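Input: a single structure, listed below in structure tokens.
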Amino acid sequence: MPAGVIKGHAHTALPSPPKDSLRRAIQRFENERRQHQLQTQPKQKQQQQINGTNGSELSLPTATAPASASSSSCSVAFTDVRKSIAEQEEQRGIITMHVCWNDFSPSQHRQKVRWFFDVQQLFSIQLPKMPREYITRLVFDRSHRNLMVHKHGKGVVASICYRPFTGQGFAEIVFCAVTADEQVKGYGTHMMNHLKDFMIAELGIFHLLTYADEFAIGYFAKQDFVTQIGLPEDRYKGFIKEYQGATLMYCQLHPKMVYVHSKQIYQDMRSVYMLALRERFPNFGREFDGLETQFRLNEGRPLRAEQIPGLETLHNFEELRKTDMAPQADVQQTIRSVLQKLRADKNAWPFQEPVDADEVPDYYEYIPFPPFDLLPENTYAQLFHRNWFSLLQSKTDFSSRQQKD
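Read in order, the letters of the sequence shown are residues 239 to 643 in our numbering.
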């Protein structure tokens, strides 16, 4: 249409809970939903009437969201989603959805004919680049349908003009528009969800195609349209009109999906997934305090594994503890060996003795690391075990000076 982590770090990917955890989570979720439905039995009105003459006008059923739990009656697993203004107005009867098409019958109801002119006027104003004659011809065409949103006291405020190709198994969306003063209220999304449900339930169509200009691509992308066409080209080539400068977009419909309830369905799916995830990984998403306080309380000394908050929740915590409890003599011997090689290097002469502050007064003000020199091996090892340095700090120290040299 031309139209469990340390604070500050996050998981890059969510783990997949096993199937048994998912089954238990689904069972728990269904139990909570049944419990809530027993406590609150909302009165839902479902109307689906055929009005007018020769089946040329349909009033779509009012979308009533599935019952959902409040925080006081149920666990947080089953929560309600925020409804758009369009959904709220439909539930209160302020707006209604209708599908109309012109059957050229002289006995057509005047209200329906008036709606055709309202839709034609809406598209002409909101789609100024489209010729008015072209819009009029398609709106009043026998093979095209018009899904419209009628608002009490204002008339038609939104509409989608489409053409179903039942034999080819798809429908083409030709025009889609919402009046300027009623935009950003959810009319476009809610209207499209009604259209998807109508396609599935009434026409048995599971594929939608449209040509979108640069201003409409964002809207259709939010309605699950993509640029990768899932239909064979011979199914639609030659059936739909091609527009220069527009992008062909495609949406596949799921036969068991109720799109007017899609937000609640997605929320329920996420709740079930999170229930299973927390059962399998009890500390998932838990935040622990950072290490700044631990280092300060420990006076800068290296922390043991049990001192780092959150490590005890890891499945390999015992292995970390064993590594942490390695014999100190082995560490001292490693440091002595490294220092011996460093002192023997021909490029180590500037670091054999500490820098004299009297000779270089600004040295200790400008260097980015603590004073570095190659003290006797055993003395440096003792300094290390008094926690003046760590292996990581020493490695960084050496690397930085090598880069400077």
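Built from N, CA and C at the ideal position, the CB exists for glycine as well. Bear in mind the structure is a predicted one, so any value in this text is a computation, not a measurement.
Could you name the residues of the same chain whose beta carbon sits closer than 7 Å to that of residue i, not counting the 5 residues immediately before and after it, in chain order?
i	result
S259	A514, E517 and R518
Q406	R473, Y474 and F477
G483	D451
D435	V496, Y497 and V498
S310	Any reading at S310 must be qualified, since the residue scores a pLDDT of 36, below 50, and its modelled position is unreliable; the value itself is stated next. Within the same chain, S310 has no close Cβ partners at all.
V576	none
Find out if the Cβ-Cβ distance for the pair residue i, residue j is shorter than 7 Å.
i	j	result
E325	H428	yes
F361	A415	yes
V412	C399	yes
H390	I332	yes
K321	C338	no
V319	Q502	yes
L644	P402	Since the displayed the chain opens at 239 and closes at 643, residue 644 lies outside it and no answer follows.
L469	H492	no
Short of 6 Å in beta carbon distance, which residues of its chain neighbour residue i, apart from the five on each side in sequence? Order them along the chain.
i	result
N616	Low confidence applies to N616: its pLDDT is 48, below 50, so where it sits in the model is not reliable, and the reading given next is rough at best. Hits under 6 Å: none found.
N431	Y497 and V498
E420	V395
Q590	L612
Y581	In the sequence under discussion, the amino acid at residue 581 is Arg, which differs from the Tyr named in the question. Answer for R581: L612, listed in chain order.
L486	Y449
D379	none
List the endpoints of the continuous alpha helix (DSSP H) containing residue i.
i	result
T417	Counting along the chain, T417 falls outside any alpha helix (DSSP H), and DSSP gives it neither H nor E.
R352	R348 to Q364
T427	Y425 to F436
I503	S500 to R518
Q326	I323 to Q329
A459	I455 to K460
D472	E471 to Y474
Y602	Y601 to Y604
Using only the alpha-carbon positions, how far apart do residue i and residue j sit?
i	j	result
Q571	N554	27 Å
L433	S500	13 Å
E268	W353	43 Å
E480	L385	22 Å
P588	I605	15 Å
M653	Y511	A question about residue 653 goes unanswered here, because the residues of the chain that appear run from 239 up to 643.
L541	E530	11 Å
Q346	V377	15 Å
G424	M437	20 Å
I546	E537	15 Å
Y504	F355	38 Å
T417	K367	16 Å
Y602	E556	42 Å
H382	E371	15 Å
F463	Q265	33 Å
E327	F458	23 Å
G426	T404	24 Å
R261	I363	52 Å
P369	P344	27 Å
Q490	I443	9 Å
F453	S509	35 Å
I323	L535	54 Å
R330	R375	34 Å
What span of residues does the beta strand (DSSP E) with residue i cover, start to end?
i	result
F403	G393 to F403
T374	Run containing T374: none in the beta strand (DSSP E); it sits in the alpha helix (DSSP H), R370 to V377.
Y449	H445 to A450
R383	R383 to K389
I333	I333 to C338
T531	Segment E530 to L535 is the alpha helix (DSSP H) holding T531; no beta strand (DSSP E) there.
Y488	T485 to Q490
Excluding five sequence neighbours on each side, which residues of the same chain lie with their C-beta closer than 8 Å to the C-beta of residue i?
i	result
Q466	Y488
K281	Any reading at K281 must be qualified, since the residue scores a pLDDT of 45, below 50, and its modelled position is unreliable; no value is offered.
Q532	L541, Q545, I546 and P547
V422	none
So, does the CB of residue i fall closer than 7 Å to a CB anywhere in chain C?
i	result
N431	The structure shown contains no chain C; it holds only a single protein chain.
**OP:** Determine contact between the segment 357-377 and the segment 385-401, defined as no fewer than three beta-carbon pairs at a distance below 8 Å.
**Re:** yes
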